[in-house]
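Our numbering runs 7 ahead of the 1-based position in the sequence shown.
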Amino acid sequence: MPDRIELDPAELGRKVYPWLTASLIPRAIAWVSTVSDAGVDNVAPHSFNTVAGIDPATLCFVSVGAKDTLRNARSIGEFVLNIGSGSQLHRMNDSATNFPGDLSEFDAASLEREPSVVVRPPRVRDAPIAFECRVSGEHVIGDCVMVFGEVVHLAAHRSVLAEDGLPDATLVDPLARLGRSEWSRLGELVDLDRIHYEDWADGRRSAD
């Protein structure tokens, strides 16, 4: 019997989804908060999100299907990407419930709001880091939409900053999604500098 199984994504169709989510792990998960035309605050966790650009600073998230977050971001043109922490696991999971559009997940999941500085959607008050974004574009892939947002303001709790002024990973205690219904936290940290070519040519290797 061969060591590997071989699969054709075209034959799998939508069944490729659990393969993607169980293989590309861990995936940082963050709350994306938006507000509707009617003024209803929405906040939902997204594990398909990442940095998309540096100059200008740009983040992105993917909406799988046309959900409230996507509709609001398209309508208002703004969103906040809030980094969650381990202590917020259950509330983040609760906020993933498919509540009706006229019910705010902030209220349903007992999440405290705080006003943003630049954009209209509120931030999650207890989120250690929040990035306020203005929608700068989108890319449609089937029934998924990747939404890009230029970061126009960022806020961080002083309690999660290291001595160099940047976030300390252990203090942020970020959440991540795995496959199925699995979540994870930070775990072991490895500090490993990148090797410059000059040092490589002199024989330096990561194992040194």
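All C-beta atoms in this analysis are idealised placements derived from N, C-alpha and C, irrespective of residue type, glycine included.
Item to check | Chain-order list of residues whose beta-carbon lies under 7 Å from that of M3 (same chain, five-residue window excluded) | outcome: Any property of residue 3 remains undetermined from this structure, which presents the chain solely from 8 to 215.
Next on the checklist: Please report the straight-line C-alpha distance between H164 and L110, rounded to a whole angstrom.
Outcome noted: 28 Å
Checklist entry - Roughly how many angstroms lie between the CA atoms of D209 and H203, to the nearest whole one? => result 10 Å
Checklist entry - According to DSSP, what are the bridge partners of F155? => result C67 and G144
Checklist entry - Taking the C-alpha atoms as reference points, what is the distance between T177 and M8? => result 44 Å
Item to check | Cα-Cα separation, N100 to S213 | outcome: 38 Å
Checklist entry - For S123 versus V158, is the C-beta spacing smaller than 8 Å? => result no
Next on the checklist: For E189, tell me which candidate among A29, P129 and N89 has the shortest Cα-Cα distance.
Outcome noted: A29
Checklist entry - Do you know how far the Cα of L19 is from the Cα of P135? => result 39 Å
Next on the checklist: Tell me the residue span of the beta strand (DSSP E) that contains V39.
Outcome noted: A37 to V42
Checklist entry - With C-beta atoms as the reference, is D48 less than 8 Å away from P107? => result no
Next on the checklist: Looking at the strands, I want to know which residues DSSP matches up with R130.
Outcome noted: E121
Checklist entry - From the DSSP output, which residues share a beta bridge with D160? => result Reading the sequence as shown, one finds His at residue 160 and not Asp. BP columns for H160 point to E139.
Checklist entry - Would you call the CB atoms of E85 and R141 closer than 8 Å? => result yes
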